[in-house]
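Undergrad:
There are 2 protein chains.
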Amino acid sequence: MKPSSTGRLALLVALLASMLLPMPACGGRDNIAIVVHGGAGEIRKDSMTPEREAAYREKLTEALGAGYKILKEGGSSLDAVEATIRVLEDSPLFNAGKGAVFTNLGRNEMDASIMDGETLDAGAVASVTRIKNPISAARAVMTGSRHVLLVGAGAETFAKEHGLEMADSAYFWTQERWDELQRVKQEQESRSKQGAGGHGTVGCVALDKNGNVAAGTSTGGLTNKLWGRVGDSPVIGAGTYADNRTCGVSCTGVGEYFMRALLAYDVTARMRYFGVGLEEASDKVLETLTTMGGEGGFIALDGKGNIEMPFNTSGMYRGFIRGDGVPHVFLFRDE
Amino acid sequence: MKPSSTGRLALLVALLASMLLPMPACGGRDNIAIVVHGGAGEIRKDSMTPEREAAYREKLTEALGAGYKILKEGGSSLDAVEATIRVLEDSPLFNAGKGAVFTNLGRNEMDASIMDGETLDAGAVASVTRIKNPISAARAVMTGSRHVLLVGAGAETFAKEHGLEMADSAYFWTQERWDELQRVKQEQESRSKQGAGGHGTVGCVALDKNGNVAAGTSTGGLTNKLWGRVGDSPVIGAGTYADNRTCGVSCTGVGEYFMRALLAYDVTARMRYFGVGLEEASDKVLETLTTMGGEGGFIALDGKGNIEMPFNTSGMYRGFIRGDGVPHVFLFRDE
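First to last, the sequence lines map onto chains W and A. Take the first sequence: its letter number 135 is residue 135 in the working numbering, and every next letter is one higher. Take the second sequence: its letter number 232 is residue 567 in the working numbering, and every next letter is one higher.
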């Protein structure tokens with residue numbers, strides 16, 4: 001065989017090998033991505049002032065930017081998720097942290113969860129009233145205890161022991177949410193005494209340069225909620241899930257449907273057991289939600305940087321940044 | 336064509352049709368079944384008195400009998416699950432209801448959940464301290480509210496409003512569990528201040544004459560638990576799941592593993608998406624638990640009456656009754 005033939009053969013073998021070898025799940029820093037939501041529900045352009053619309057777009061962009069900066073500098077997806085959600089928790093625009101809605105008793109009871117797709121470690125808090133950033137408490141539960149879920153006063157004691165910033169009820173009091181409680185109470189006086197309203201749960205999924213996926217969710221739950229109701233947000237598998245083998249998911253909507261059908265986990269189960277991609281799994285899960293009569297949506301991001309943001313309501317506060325650093329933010333259905 | 340030919344053809348068509356038509360999931364009353372567990376853990380013949388062993392066998396048989404009677408008389412699987420678990424909650428032998436373990440603060444904080452495989456409706460309570468039968472409170476949440484999970488004092492208010500029997504702390508105080516708390520506290524003084532011990536969670540899955548599957552779980556959690564820790568028992572998909580299309584599941588063990596991998600739901604997801612049977616799905620889920628480093632087990636029952644009771648500990652209190660009415664009860668691995 002002539003040398004030139006050998007060279008051509010080697011080239012052919014190399015070419016074939018490059019085609020046959022699986023692509024790495026993550027292609028380095030360019031593959032980083034972050035996706036966020038600020039709740040799904042009745043979100044229409046014609047029922048929102050231009051100022052309010054601008055405020056939502058601005059805050060979502062700021063939150064995405066906080067997480068993206070961490071990813072761009074080589075930080076972890078967990079750090080990015082926590083930083084992004086903290087921005088949204090600190091804003092009165094969303095139903096989480098500062099902007100949490102009021103319960104029937106005029107309190108703010110918050111839930112949050114976070115999950116690490118590399119280890120399947122997870123942490124969550126539910127029914128906490130005095131923790132300034134519940135998402136950070138969820139992360140402390142994940143890293144500082146052997147537990148997954150802590151609730152109520154016990155969770156607050158844990159958070160305090162771990163140096164988290166506490167806040168009094170005055171911090172969580174906002175005029176808008178208070179007025180919302182009075183309105184919902186009046187509307188419901190002649191109806192069932194169940195909780196209602198209060199969309200605006202926030203969530204985030206991120207993919208870092210090491211190919212690790214993380215997801216988190218934070219909420220104030222339902223306006224006028226009774227009886228210590230806890231929704232899907234602090235429930236791993238219902239409102240939040242992350243698994244490097246498949247994807248990360250954060251949900252928003254009427255939590256009970258997400259809890260009964262484990263919709264966050266179901267996206268990953270369909271990918272693993274059916275072998276379908278993120279888009280098909282997401283479509284099927286939204287279909288399940290709709291078939292059950294549930295309203296809401298979710299964000300999902302897989303290890304290759306694919307993003308899905310499906311919802312069956314009129315709008316969902318949402319957005320993402322990919323490796324190019326350009327933020328994309330959306331509020332309504334047709335945009 | 337001669338009449339006799341037509342007759343043969345009709346017979347052939349009928350025969351083929353009967354072979355091609357799917358079998359009903361449930362073949363009538365003979366197909367009823369009920370399966371129960373009373374916790375997995377260090378359960379060995381050589382570390383148990385004959386009297387204690389007999390007491391466990393007797394109580395498990397009594398509990399199975401209570402549920403079986405309902406199924407035999409044509410009652411629903413939900414009624415059977417609730418009745419069976421109430422028997423175990425009323426016994427001091429198991430870590431649920433009357434026999435619930437003590438938290439670090441010397442309280443009894445209980446969790447329970449129930450799910451209807453026909454409708455995917457579910458209800459749960461967590462961190463309740465004054466409800467005599469938490470499984471009945473979980474059922475009241477399912478049927479009497481639009482919610483899935485209620486926690487703490489709110490859940491107790493709800494239970495009271497729905498006419499459930501309340502109990503004071505003296506009712507839940509048992510010498511054995513109190514001594515266990517003191518022992519665990521002493522053992523842990525020089526170690527991590529995390530909760531430990533307290534196996535004995537109870538659970539039940541039933542299949543009624545209409546082919547409906549239901550599942551429920553009830554627990555006192557971990558001895559010496561801190562910070563309002565909530566385990567898998569009240570989490571739909573983690574400790575309990577039921578879906579007529581696949582099966583019902585109730586779990587016991589170190590709850591955090593069940594929560595992170597949604598092991599109850601995962602049995603059903605593997606059956607639906609992989610198309611495997613109950614046995615293979617159960618084997619894989621136990622393998623997941625073991626691979627993660629978790630300890631425990633679960634019971635599972637499908638719509639055809641197949642039963643699985645896998646565990647990776649030395650023993651699991653468990654048993655079942657099928658349509659023949661004969662109770663089968665086991666405690667140790669090799670029996």
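All C-beta atoms in this analysis are idealised placements derived from N, C-alpha and C, irrespective of residue type, glycine included. These figures come from a predicted structure and were not determined experimentally.
At the level of alpha carbons, what is the spacing between serine 76 of chain W and aspartate 451 of chain A?
TA: If I take the Cα positions, the gap works out to 40 Å.
Undergrad: If you count every other CB in all the chains shown that lies within 10 Å of the CB of glycine 303 of chain W, and 16 or more means buried, which is it?
TA: By the neighbour-count rule (16 or more Cβ atoms within 10 Å), glycine 303 of chain W is buried.
Undergrad: Please report whether the beta-carbon of glycine 27 of chain W lies at a distance below 7 Å from any beta-carbon of chain A.
TA: For glycine 27 of chain W, the predicted model reports a pLDDT of 42, less than 50, meaning its position is unreliable; a value from the coordinates is still stated below. Not an interface residue.
Undergrad: Per DSSP, which residues does arginine 759 of chain A bridge with? Please list them.
TA: What is shown of chain A runs 336 to 670, which leaves residue 759 of chain A out entirely.
Undergrad: Can you check whether the C-beta of leucine 484 of chain A is within less than 7 Å of a C-beta belonging to chain W?
TA: Yes, its Cβ sits closer than 7 Å to a Cβ of chain W.
Undergrad: Would you please verify whether the beta carbon of glutamate 256 of chain W is less than 7 Å from any beta carbon of chain A?
TA: For glutamate 256 of chain W, the answer is yes, since a Cβ of chain A falls inside 7 Å of its Cβ.
Undergrad: Report the start-end ranges of each alpha helix (DSSP H) in the segment 433-497 of chain A that is 4 residues or longer and not cut off at the edges.
TA: Complete alpha helix (DSSP H) runs here, min 4: 469-479 and 487-496.
Undergrad: Below 8 Å on the Cβ atoms is my contact criterion, and I expect glycine 434 of chain A with alanine 415 of chain A to pass it. Report the Cβ-Cβ distance as a whole number of Å.
TA: Glycine 434 of chain A to alanine 415 of chain A, Cβ: 21 Å. No contact.
Undergrad: What does a CB cutoff of less than 8 Å around glycine 315 of chain W pick up in its chain, not counting 5 residues either side in sequence?
TA: These residues qualify, in order along the chain: Ala40, Gly41, Glu42, Ile43, Arg44, Leu331, Phe332 and Arg333.
Undergrad: Would you tell me roughly how many angstroms separate the C-alpha atoms of leucine 542 of chain A and proline 50 of chain W, rounded to the nearest one?
TA: For leucine 542 of chain A and proline 50 of chain W, the distance between alpha carbons rounds to 57 Å.
Undergrad: Rounded to whole angstroms, what is the Cα-Cα separation between leucine 226 of chain W and phenylalanine 102 of chain W?
TA: Approximately 10 Å, taken between the alpha carbons.
Undergrad: Mind listing, in chain order, the continuous beta strand (DSSP E) runs of no fewer than 3 residues lying wholly within the segment 546-598 of chain A?
TA: Counting only runs of 3 or more, we get 548-554, 575-577 and 582-588.
Undergrad: Which residues, in order along the segment 126-159 of chain W, keep a beta-carbon less than 8 Å from a beta-carbon of chain A?
TA: Within the segment 126-159 of chain W, the residues whose Cβ lies closer than 8 Å to some Cβ of chain A are Ala126, Ser127, Ser145, Arg146, His147, Val148, Leu149, Leu150, Val151, Gly152, Ala153, Gly154, Ala155, Thr157 and Phe158, listed in chain order.
Undergrad: Tell me whether glutamate 393 of chain A sits in a helix, a strand or coil according to DSSP, three-state version.
TA: Here glutamate 393 of chain A sits in helix by DSSP.
Undergrad: What does aspartate 609 of chain A reach in chain W if we use C-beta pairs closer than 7 Å?
TA: Checking the displayed sequence, the identity of residue 609 of chain A turns out to be phenylalanine instead of aspartate. By Cβ distance, chain W contributes Tyr273.
Undergrad: Using CA atoms only, rank isn't needed, just tell me which of W/Gly293, W/Gly200, W/Phe158 and W/Leu164 is closest to arginine 177 of chain W.
TA: Of the listed residues, the one whose Cα sits closest to arginine 177 of chain W is W/Gly200.
Undergrad: Kindly indicate which three-state DSSP category valine 81 of chain W falls into: helix, strand or coil?
TA: Residue state, collapsed to three classes: helix.
Undergrad: Whole-angstrom Cβ separation of isoleucine 131 of chain W and glycine 123 of chain W, contact assumed at under 8 Å?
TA: The Cβ separation is near 13 Å, so there is no contact.
Undergrad: Based on Cα-Cα distance, which residue from W/Asp324, W/Gly323 and W/Tyr317 lies nearest to methionine 48 of chain W?
TA: The shortest C-alpha separation from methionine 48 of chain W is found at W/Tyr317.
Undergrad: Would you tell me roughly how many angstroms separate the C-alpha atoms of valine 285 of chain W and tyrosine 265 of chain W, rounded to the nearest one?
TA: Each residue's alpha carbon lies about 10 Å from the other.
Undergrad: Is the CB of methionine 110 of chain W under 7 Å away from at least one CB in chain A?
TA: So no, methionine 110 of chain W is outside the interface.
Undergrad: Among the residues of its own chain, which have a CB less than 6 Å from the CB of serine 553 of chain A, if the five just before and after it don't count?
TA: The answer, listed in chain order, is Ile420, Glu424, Ala431, Ala447, Pro469, Ile470 and Val537.
Undergrad: With burial defined as no fewer than 16 other Cβ atoms inside 10 Å of the residue's Cβ, what is the status of glutamate 444 of chain A: buried or exposed?
TA: Answer is buried; the Cβ neighbour count reaches 16.
Undergrad: At what residues does the beta strand (DSSP E) containing arginine 340 of chain W begin and finish?
TA: Not covered by the structure: residue 340 of chain W. The range shown for chain W is 1 to 335.
Undergrad: List, in order along the chain, the chain W residues whose C-beta lies closer than 7 Å to that of isoleucine 449 of chain A?
TA: Near isoleucine 449 of chain A there are no residues of chain W at all, since even the closest Cβ is about 12 Å away, more than 7 Å.
Undergrad: With a threshold of 16 other CB atoms inside 10 Å of the CB of arginine 270 of chain W, please say whether the residue is buried or exposed.
TA: Counting Cβ neighbours within 10 Å, arginine 270 of chain W comes out buried, since at least 16 surround it.
Undergrad: Between alanine 604 of chain A and chain W, is the shortest Cβ-Cβ distance under 7 Å, so that the two count as touching?
TA: Yes, because at least one Cβ of chain W sits closer than 7 Å to the Cβ of alanine 604 of chain A.
Undergrad: List the endpoints of the continuous beta strand (DSSP E) containing valine 371 of chain A.
TA: Residues 368-376.
Undergrad: Answer with yes or no whether the minimum CB distance from tyrosine 265 of chain W to chain A is below 7 Å.
TA: So yes, tyrosine 265 of chain W belongs to the interface.
Undergrad: Identify every residue that forms a DSSP beta bridge with isoleucine 634 of chain A.
TA: Bridge partners of isoleucine 634 of chain A: A/Ser585.
Undergrad: For arginine 474 of chain A, count the other beta carbons within 10 Å of its own beta carbon; 16 or more makes it buried, fewer makes it exposed. Which is it?
TA: Arginine 474 of chain A comes out buried.
Undergrad: Decide yes or no for the touch test of the segment 227-235 of chain W against the segment 489-503 of chain A: beta carbon pairs closer than 8 Å, at least 3 of them.
TA: A contact exists between the segment 227-235 of chain W and the segment 489-503 of chain A.
Undergrad: Can you tell me whether DSSP reads methionine 627 of chain A as helix, strand or coil?
TA: If DSSP states are grouped into helix, strand and coil, methionine 627 of chain A belongs with the helices.
Undergrad: Sort A/Arg481, A/Thr558 and A/Asn545 by Cα distance to arginine 518 of chain A and report the nearest one.
TA: Checked all of A/Arg481, A/Thr558 and A/Asn545; the closest Cα to arginine 518 of chain A is A/Thr558.
Undergrad: Look up glycine 203 of chain W in the DSSP assignment and say whether it is helix, strand or coil.
TA: Glycine 203 of chain W falls in the strand class under three-state DSSP.
Undergrad: Name the two residues that bound the continuous beta strand (DSSP E) containing leucine 331 of chain W.
TA: That run of the beta strand (DSSP E) goes 327-332.
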